[in-house]
Amino acid sequence: MCGIVGYIGQDDTKEILLNGLEKLEYRGYDSAGIATLNDQGVHLFKVKGRIAALRESVDNSIHATMGIGQTRWATHGVPSKENAHPHQSASGRFTLVHNGVIENYQDLKAEYLRDIHFASDTDTEVIVQLIEKLFTEINDTAEAFRKAMSQLKGSYAIAMIDREDHDTLYVAKNKSPLLVGLGDGFNVVASDAMATLNLTNQYLEIHDQEIVLVRRNYVEIQDLNGQIIHREAFVAQIDASDIEKGTYPHFMLKEIDEQPFVMRKIINEYQTEDNQLKLDKNVREAMNNCDRIYIIAAGTSYHAGLVGKEFIEKLAKIPVEVHIASEFSYNMPLLSDKPLFIFISQSGETADSRAVLVKIKEMGYPTLTITNVPGSTLSREADYTLNLYAGPEIAVASTKAYTAQIAVLAILAVDTAKTKGFSIDFDPMQELAIAANAMEVLTAQKDTIEELTRKYLDTTRNAFFIGRSTDYHVCMEGALKLKEISYIQAEGFAGGELKHGTIALIEEGTPVIALATQENVNYAIRGNVQEVVARGASDMVISMKGLEQDTDAFVIPRVHELLTPLVSVVPLQLLAYYAALHRGCDVDKPRNLAKSVTVE
Ligand code: F6R
Numbered sequence: 000m001c002g003i004v005g006y007i008g009q010d011d012t013k014e015i016l017l018n019g020l021e022k023l024e025y026r027g028y029d030s031a032g033i034a035t036l037n038d039q040g041v042h043l044f045k046v047k048g049r050i051a052a053l054r055e056s057v058d059n060s061i062h063a064t065m066g067i068g069q070t071r072w073a074t075h076g077v078p079s080k081e082n083a084h085p086h087q088s089a090s091g092r093f094t095l096v097h098n099g100v101i102e103n104y105q106d107l108k109a110e111y112l113r114d115i116h117f118a119s120d121t122d123t124e125v126i127v128q129l130i131e132k133l134f135t136e137i138n139d140t141a142e143a144f145r146k147a148m149s150q151l152k153g154s155y156a157i158a159m160i161d162r163e164d165h166d167t168l169y170v171a172k173n174k175s176p177l178l179v180g181l182g183d184g185f186n187v188v189a190s191d192a193m194a195t196l197n198l199t200n201q202y203l204e205i206h207d208q209e210i211v212l213v214r215r216n217y218v219e220i221q222d223l224n225g226q227i228i229h230r231e232a233f234v235a236q237i238d239a240s241d242i243e244k245g246t247y248p249h250f251m252l253k254e255i256d257e258q259p260f261v262m263r264k265i266i267n268e269y270q271t272e273d274n275q276l277k278l279d280k281n282v283r284e285a286m287n288n289c290d291r292i293y294i295i296a297a298g299t300s301y302h303a304g305l306v307g308k309e310f311i312e313k314l315a316k317i318p319v320e321v322h323i324a325s326e327f328s329y330n331m332p333l334l335s336d337k338p339l340f341i342f343i344s345q346s347g348e349t350a351d352s353r354a355v356l357v358k359i360k361e362m363g364y365p366t367l368t369i370t371n372v373p374g375s376t377l378s379r380e381a382d383y384t385l386n387l388y389a390g391p392e393i394a395v396a397s398t399k400a401y402t403a404q405i406a407v408l409a410i411l412a413v414d415t416a417k418t419k420g421f422s423i424d425f426d427p428m429q430e431l432a433i434a435a436n437a438m439e440v441l442t443a444q445k446d447t448i449e450e451l452t453r454k455y456l457d458t459t460r461n462a463f464f465i466g467r468s469t470d471y472h473v474c475m476e477g478a479l480k481l482k483e484i485s486y487i488q489a490e491g492f493a494g495g496e497l498k499h500g501t502i503a504l505i506e507e508g509t510p511v512i513a514l515a516t517q518e519n520v521n522y523a524i525r526g527n528v529q530e531v532v533a534r535g536a537s538d539m540v541i542s543m544k545g546l547e548q549d550t551d552a553f554v555i556p557r558v559h560e561l562l563t564p565l566v567s568v569v570p571l572q573l574l575a576y577y578a579a580l581h582r583g584c585d586v587d588k589p590r591n592l593a594k595s596v597t598v599e
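Every letter in the sequence shown is one number past the one before it in numbering that gives the first Met the number 0, and letter 178, counting from 1, is 177.
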């Protein structure tokens with residue numbers, strides 16, 4: 000969600016900024032812009048829509064060696080050229096890009112900027128106008144920048160250029176992600192290292208409420224009082240080839256196919272040489288010492304949390320509650336005496352989850368983040384982190400991160416059970432390896448799934464996914480995948496619950512996709528299928544080997560009953576993929592969505 004790139008060095012900036020913004024496209028955006036600075040002044044280009052359109056609009060004859068760019072996901076003000084970043088102060092001296100949300104922008108406007116004519120509806124413009132207002136009083140850009148930052152409430156990652164200063168990018172951060180990349184004779188700013196990995200793999204972490212003056216040959220981090228802060232750079236652990244599509248038409252398809260490899264990577268990372276489970280001893284202790292676990296997550300990660308609850312309760316015998324992050328803060332349940340909070344987040348940046356983390360830390364409870372991005376905000380701020388090792392997930396629709404979350408939760412549950420001395424008849428590594436092989440079998444059956452998509456989903460307006468127990472949770476994920484990328488209205492339902500109202504929506508030909516991978520509910524879910532078929536539904540049963548019936552549309556290989564979500568989700572991911580493809584949707588960048596949801 001929103002992406003920032005900045006560059007100051009020796010080379011022409013246009014291409015660097017456009018390239019960087021393209022790498023951030025996956026985060027989701029609806030407008031984009033860049034500003035460069037040279038002896039002729041500031042050159043500003045903005046468009047509503049895609050980077051390709053921005054590229055077209057840029058004047059290639061302009062040469063400049065510093066600049067900033069941004070992809071905007073609209074919050075305040077509609078997606079439009081006027082509201083696109085960068086924004087400029089009234090005199091045009093200051094030009095700024097911003098990710099995040101300024102909560103007190105209306106107060107600042109009323110207090111300091113009553114006489115200013117605003118060119119956009121954004122909260123961002125208030126920042127740049129405020130900087131200019133403060134600058135007219137103190138005549139020092141760095142000081143005005145610092146002062147303005149200390150007035151802002153909310154989240155921000157900011158990069159600014161001053162028309163009269165050709166040697167500095169002014170950068171600041173609070174709650175929104177931002178990194179400074181270090182080069183030889185140049186430095187860069189990026190909300191995600193992926194944007195500038197082709198230029199450098201050395202990065203400086205910027206903490207909340209810090210200001211950074213980024214120059215060609217050095218970088219100075221300060222606190223809001225101007226005190227200098229020293230910090231070592233770190234090496235970004237992403238391989239540039241991980242963020243290329245290779246021969247795949249879409250990242251989503253590549254990431255679906257990568258799932259077996261991710262499973263094997265997780266097995267390797269969480270296993271010692273003598274085949275024992277390998278887990279941070281602090282995590283072990285935290286799991287062992289708590290009397291209840293609260294899982295906090297959003298979207299797909301929430302769905303993984305629902306599966307994780309089953310693992311932890313069944314194996315480690317610790318009660319687990321799973322909460323939607325955006326609800327938790329406003330409707331906090333009664334907490335147990337010794338709670339442990341587990342935050343599940345692919346990106347590690349989800350603002351809703353972070354808001355809960357901040358609150359929980361204030362309350363003094365232990366926190367663990369399970370994430371795909373070590374060094375992300377949720378990872379840095381929680382007491383402990385477990386990595387997913389899924390590699391960068393670029394498609395907005397999460398696939399390999401979901402299955403990685405489930406695999407890591409299974410390992411965590413088994414490890415805890417063992418620490419507690421419970422004897423369990425489940426070897427997670429062996430069973431994960433079997434699941435990885437089953438995933439491979441499924442990803443080789445794309446033609447069959449594409450045929451099923453044609454038959455059931457190509458022309459429908461809506462679809463239902465039904466399942467019981469574990470299958471129900473996977474159905475919720477299947478429905479989310481389908482709706483987010485194909486825009487088919489889809490619901491994941493508990494098979495037994497449909498008849499309590501929702502069955503009224505079943506009409507002649509309504510597709511109902513039923514999962515049947517759980518022996519104890521196989522009979523019951525098949526009864527539910529008959530109920531909808533009797534009302535005209537077009538049923539597609541996906542069952543597991545050993546539980547199948549002749550009429551089933553698709554049968555997945557047999558895996559351990561606890562791990563069926565890892566495998567049953569694969570055909571659902573592929574159904575969503577082909578449905579979106581056949582409808583001409585932008586599979587990797589669905590409308591209105593962002594990969595990293597950094598606003599609450
Ligand atoms: C759906 C999807 C989202 C995310 C949700 C939380 O495919 O990706 O539902 O799961 O926005 O994001 P993370 O996991 O980054 O916290």
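A virtual CB, placed ideally from N, CA and C, is assigned to each residue, including glycine.
| field | First and last residue of the uninterrupted alpha helix (DSSP H) at Arg54 | value | 50-56 is the span of the alpha helix (DSSP H), which, as asked, contains Arg54.
| query | Comparing the CB of Gln345 with every heavy atom of ligand 1, is any distance shorter than 7 angstroms? | reply | Remark: the C-beta of Gln345 is in contact range of ligand 1, defined as less than 7 angstroms to any heavy atom.
| From Ser567 to Ala118, what does the alpha carbon distance come to, in whole angstroms? | Cα-Cα distance, rounded: 51 angstroms.
| said: Let me check you understand the geometry: is the CB of Gly298 closer than 7 angstroms to at least one non-hydrogen atom of ligand 1? | reply: Because some heavy atom of ligand 1 lies under 7 angstroms away, the Cβ of Gly298 counts as near it: yes.
| field | Reduced DSSP secondary structure (H/G/I, E/B, other) of Gly182 | value | Gly182: coil per DSSP, three-state reduction.
| query | Count the other CB atoms within 10 Å of the CB of Arg145; is the residue buried (16 or more) or exposed (fewer)? | reply | Of the residues assessed, Arg145 falls on the buried side of the cut-off, its CB having 16 or more other CB atoms within 10 angstroms.
| In terms of residues, what are the limits of the beta strand (DSSP E) holding Asp446? | Counted as a single uninterrupted DSSP element, the stretch harbouring Asp446 is not any beta strand (DSSP E) but the alpha helix (DSSP H) occupying residues 445-455.
| query | Is the Cβ-Cβ distance between Tyr155 and Lys172 less than 8 angstroms? | reply | Against a cut-off of 8 angstroms, the Cβ pair of Lys172 and Tyr155 comes out as a contact.
| said: Tell me which residue opens and which closes the alpha helix (DSSP H) that Gln488 is part of. | reply: Where Gln488 is concerned, there is no enclosing alpha helix (DSSP H), although the beta strand (DSSP E) it sits in stretches over 488-493.
| Same chain, Cβ closer than 8 angstroms to Leu20, five either side skipped, listed in chain order | Correct list, in chain order: Gly2, Val4, Ala31, Ile33, Ile50, Leu53, Gly68, Gln69, Thr70, Ala194.
| message | If contacts are defined as beta-carbon pairs under 8 angstroms, then Ser344 and Leu377 qualify, I think. What distance do you get, rounded to the angstrom? | response | Under the criterion of beta carbons closer than 8 angstroms, Ser344 and Leu377 qualify as touching, at roughly 5 angstroms.
| Closer than 7 angstroms: Leu408 CB and nearest ligand 1 heavy atom | False, no ligand heavy atom lies under 7 angstroms from that Cβ.
| query | DSSP three-state call for Leu356: helix, strand or coil? | reply | Helix, per DSSP.
| Between the CA atoms of Ala489 and Met475 - distance to the nearest angstrom | If I take the Cα positions, the gap works out to 9 angstroms.
| Residue burial classification, Gly545 (beta-carbon count within 10 angstroms, cutoff 16) | Under this definition Gly545 is an exposed residue.
| message | Please identify the residue among Ile61, Lys264, Gln221, Gln39 whose C-alpha is closest to the C-alpha of Asp164. | response | Nearest C-alpha to Asp164: Gln39.
| request: Scan the region 116-165 and note each continuous beta strand (DSSP E) run of 3 residues or more that stays entirely inside, going in chain order. | output: If you keep only unbroken beta strand (DSSP E) runs of at least 3 residues inside the region 116-165, you get 155-161.
| task | Tell me whether Ser397 counts as near ligand 1, meaning its Cβ is closer than 7 angstroms to at least one heavy atom of that ligand. | result | Yes; taking the cut-off as 7 angstroms, the Cβ of Ser397 has a heavy atom of ligand 1 nearer than that.
| Between Leu592 and Ala434, which are expected to be in contact by the criterion C-beta below 8 angstroms, what is the C-beta distance as a whole number of angstroms? | Here Leu592 is actually not in contact with Ala434; their C-beta atoms are around 28 angstroms apart, not less than 8 angstroms.
| request: Taking Phe340 and Ile295 to be in contact with their CB atoms under 8 angstroms, please state how far apart those CB atoms are, rounded to whole angstroms. | output: Confirmed, Cβ separation roughly 6 angstroms.
| request: Identify, in the order they occur along the chain, each residue of the same chain with its Cβ nearer than 6 angstroms to the Cβ of Ser468, setting aside the five sequence neighbours on each side. | output: The beta carbon of Ser468 sits closer than 6 angstroms to the beta carbons of Gln517, Val520 from its chain, once the five residues preceding and following it are set aside; these are given in chain order.
| request: Taking all protein chains shown into account, decide if Arg26 is buried (16 or more other Cβ within 10 angstroms of its Cβ) or exposed. | output: The residue in question, Arg26, is buried, as its Cβ has 16 or more Cβ neighbours within 10 Å.
| query | Taking DSSP as the reference, what is the three-state secondary structure of Gly27? | reply | Three-state result, Gly27: coil.
| task | On the DSSP bridge assignment, give the partners of Thr94 in chain order. | result | Under DSSP, the beta-bridge partners assigned to Thr94 are Gln87, Ile160.
| request: Report the rounded CA-to-CA distance for Thr384 versus Thr366, giving the unit in angstroms. | output: Inter-residue distance for Thr384 and Thr366 is about 9 angstroms (C-alpha atoms, whole angstroms).
| Is the number of C-beta pairs between the region 417-426 and the region 472-486 that are closer than 8 angstroms three or more? | No: the two stretches stay apart, fewer than three of their Cβ pairs being nearer than 8 angstroms.
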